[in-house]
Amino acid sequence: MGVAVSTVSLRPTAIRFVQGAVLCDHPAMDLAPLELAVNRLRDAQAAVDAARADVEMEAVGAVRNGAPVDVVCDACGLAPHDLLRMEKTAGELPH
Numbered sequence: 435m436g437v438a439v440s441t442v443s444l445r446p447t448a449i450r451f452v453q454g455a456v457l458c459d460h461p462a463m464d465l466a467p468l469e470l471a472v473n474r475l476r477d478a479q480a481a482v483d484a485a486r487a488d489v490e491m492e493a494v495g496a497v498r499n500g501a502p503v504d505v506v507c508d509a510c511g512l513a514p515h516d517l518l519r520m521e522k523t524a525g526e527l528p529h
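Laid out in structure tokens, this is it:
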């Protein structure tokens, strides 16, 4: 039984497909720096998401403790309608 090989021409290199595997005709590249940069980006995005969640939780807590909505929104950058929606849906906050 022979091996099926098809070639797709993509300038400037051609890529060969051999039984589901992709074989590239160009030399191997060191992608370690790119992989590190991607990991740093993912870590930074996770940190931003966590910080945003902290800000939202603290803003809801401040409103529930009697702080004026407009003052809290000025301090944290949330829109008043977003903050009020979060306050209604947040449930009990951790202490």
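Be aware that the sequence shown starts at 435, since it is given in the working numbering, and climbs by one per residue.
Idealized CB from N, CA, C, for every residue including glycine.
Met463 carries a coil assignment under DSSP once its states are collapsed to helix, strand and coil.
In this structure, DSSP gives Ala513 a state outside helix and strand, which the three-state scheme calls coil. Taking a cut-off of 8 Å for Cβ pairs, the region 508-518 and the region 465-482 do not touch, as fewer than three such pairs fall below it.
It is roughly 41 Å from the alpha-carbon of Val505 to the alpha-carbon of Leu470. Residue Gly495 holds the alpha-carbon nearest to the alpha-carbon of Pro528 among Gly495, Met463, Leu517.
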